[in-house]
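Undergrad: Handing you this structure, nothing more for now.
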Amino acid sequence: QPVGRTQTPGEKEREVKEAEVTVARAAALPQARLRVSSVSQNIDRLDAALQDLEKHKGLSNITGTLMGRTPNLTNKATGAQAKLDSIKSQIFVSALQAMREASKTGGAVGNVSDAEGNKLEATLAALSQAQGTPQFRQELKNAREQLSMSKRLIQQAFDEEYGATSSRLNPTEQAELEALRKRFGKP
Numbered sequence: 001q002p003v004g005r006t007q008t009p010g011e012k013e014r015e016v017k018e019a020e021v022t023v024a025r026a027a028a029l030p031q032a033r034l035r036v037s038s039v040s041q042n043i044d045r046l047d048a049a050l051q052d053l054e055k056h057k058g059l060s061n062i063t064g065t066l067m068g069r070t071p072n073l074t075n076k077a078t079g080a081q082a083k084l085d086s087i088k089s090q091i092f093v094s095a096l097q098a099m100r101e102a103s104k105t106g107g108a109v110g111n112v113s114d115a116e117g118n119k120l121e122a123t124l125a126a127l128s129q130a131q132g133t134p135q136f137r138q139e140l141k142n143a144r145e146q147l148s149m150s151k152r153l154i155q156q157a158f159d160e161e162y163g164a165t166s167s168r169l170n171p172t173e174q175a176e177l178e179a180l181r182k183r184f185g186k187p
């Protein structure tokens, strides 16, 4: 504002609200970064497990009209079944839980991670062992593509919400943040 001009009550109130939003976003950044990082790690873990299953030599022994419905009789089948069971019961649950945790950050990141979690659930539900091996492999590829897209969209939402270079505040930004905190009595 020009020198000698006093702020109107509305201008002062708007400035205070803007400062509070800035302080709140800066305070939420570390937790949001941690949640997005956790989602990313869990997605990478799930993607690696899906890739391992896709290449597993016993996959044809656990999929298809007959083999997908009978007990596993070979070591290859048992190994492939163990991988699939691990994906469905542990790794998938961890990735989905991480997405739900990321949704607690609110804003764009929360909305995106909710939507992507729903898509991931639907994609992995398509992994029915009763389908033929070629179709099952295709569903694994679809799941991996969905994971890649979800990871990209969640990171993009984080970057849009907090800025693409939000890993740390530069010294000037840190000084401005501290000044705002002191001025408005925020810790």
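The opening residue of the sequence shown carries number 1 in the numbering used here; numbering runs sequentially from there.
From the three backbone atoms N, C-alpha and C, an ideal C-beta is built for every residue, glycine too.
Compute the Euclidean distance between the alpha carbons of Gln138 and Asp47, then round it to the nearest angstrom.
TA: For the purposes of this step, residue 138 is taken as residue 138 along the sequence shown, with counting starting at 1. For the purposes of this step, residue 47 is taken as residue 47 along the sequence shown, with counting starting at 1. Taking the straight line joining both Cα atoms gives about 14 Å.
Undergrad: Once you ignore the five residues that flank Thr74 on each side, which residues in its own chain have a CB closer than 8 Å to its CB?
TA: If you number the sequence shown from 1, residue 74 lands on position 74. Taken in chain order, the residues that qualify are Gly58, Asn61.
Undergrad: Would you mind reading off the limits of the alpha helix (DSSP H) that contains Ser148?
TA: On the sequence shown, residue 148 is found 148 positions in, with the first residue counted as 1. Ser148 -> alpha helix (DSSP H) spans 133-162.
Undergrad: Sort Ala175, Gln146, Ala130, Ser148 by Cα distance to Leu66 and report the nearest one.
TA: One-based indexing of the sequence shown puts residue 66 at position 66. With distances taken between Cα atoms, Leu66 lies closest to Ala130.
Undergrad: Skipping 5 residues on each side, what residues in its chain have a beta carbon closer than 7 Å to that of Lys151?
TA: Taking the sequence shown and counting its residues from 1, the one referred to as residue 151 is at position 151. The answer, listed in chain order, is Ser40, Ile43.
Undergrad: Between the beta-carbon of Ile91 and the beta-carbon of Ala49, is there less than 8 Å?
TA: Walking along the sequence shown from the start, residue 91 turns up at place 91. Walking along the sequence shown from the start, residue 49 turns up at place 49. Yes, the pair counts as a contact, with Cβ atoms nearer than the cut-off.
Undergrad: Among Ala32, Pro9, Leu140, Thr70, which has the Cα closest to the Cα of Ser113?
TA: Here residue 113 refers to the residue found at position 113 when the sequence shown is read from its first residue. Nearest of Ala32, Pro9, Leu140, Thr70 to Ser113, Cα basis: Ala32.
Undergrad: Have a look at Glu161 and Gly79 and give me their C-alpha separation to the nearest angstrom.
TA: Here residue 161 is taken as the residue at index 161 of the sequence shown, counted from 1. Here residue 79 is taken as the residue at index 79 of the sequence shown, counted from 1. Taking the straight line from one Cα to the other gives about 43 Å.
Undergrad: Put Thr65 into one of helix, strand or coil per three-state DSSP.
TA: Within the sequence shown, residue 65 is the residue found at index 65, counting from 1. Note: Thr65 maps to coil in three-state DSSP.
Undergrad: Using a 10 Å radius around the Cβ and a threshold of 16 neighbouring Cβ atoms, would you call Gln146 buried or exposed?
TA: By one-based count along the sequence shown, residue 146 stands at place 146. Answer is buried; the Cβ neighbour count reaches 16.
Undergrad: Closest to Val93 by CA distance: which of Asn72, Gly117, Leu127, Lys76 is it?
TA: On the sequence shown, residue 93 is found 93 positions in, with the first residue counted as 1. Of Asn72, Gly117, Leu127, Lys76, the residue nearest in Cα terms is Gly117.
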